[in-house]
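When the letters of the sequence shown are read in order and numbered with this note's numbering, they come out as residues -12 to 129.
As structure tokens, the structure follows; a few thoughts come after it.
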Amino acid sequence: MPDAQTNQPEDDVLMPEESLEPTLQFCVLCDVVAKGPAGKPAFVGVFDQFRRLGPIPQFFIVLRWINGLGSHFSSIRLLDPDLNPIFEPPEKHPMALKRRTDVATAQFGIVNFQFPQSGVYWVEVVLNEQPHASIPLPVFDG
-12 MPDAQTNQPE DDVLMPEESL EPTLQFCVLC DVVAKGPAGK PAFVGVFDQF RRLGPIPQFF
48 IVLRWINGLG SHFSSIRLLD PDLNPIFEPP EKHPMALKRR TDVATAQFGI VNFQFPQSGV
108 YWVEVVLNEQ PHASIPLPVF DG
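Encoded structure:
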């Protein structure tokens, strides 16, 4: 029988101490994130590489999680070409997913960042303190 408030099936509702690791729906790298119509995220300047080494005034990494249950935390790390961490934001984004249809969005703003040299860097997506996915980020020298 559906839950009266959300019209969701009862088996979709979190039971006490039930947990299911969420699925990463997307990881977007972009220059600006804004709220579009109906609260939808609008990404401006989506990219998959940097074409210069100088300081980058600002960019964002946005994660969307779906199909999970329970309490979780997500974060990101930037790794250099040798897979050493070179940036980790101080905050971890909490997620409280009560239904498998709930979504959680984590937005990380990075300001005045400079890659030390050209090469293939990595965006490491972290879920509950564990590496979850790695996305290559090539950086070129002009």
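All C-beta atoms, glycine included, are put in the ideal place defined by N, C-alpha and C.
| Distance CB(residue 11)-CB(residue 124) smaller than 9 Å | no
| query | So what's residue 26 in DSSP terms, helix, strand or just coil? | reply | helix
| query | Who are the near neighbours of residue 127 in its chain, counting only those whose CB is closer than 6 Å to its CB and skipping five residues on each side? | reply | Within the same chain, residue 127 has close Cβ partners 38 and 105.
| request: Please work out which residues of its chain come closer than 7 Å, Cβ to Cβ, to residue 119, disregarding the five sequence neighbours upstream and downstream, and give them in chain order. | output: 11, 112 and 113
| What first and last residue would you give for the beta strand (DSSP E) that runs through residue 6? | First-last for residue 6: undefined, no H or E at that position.
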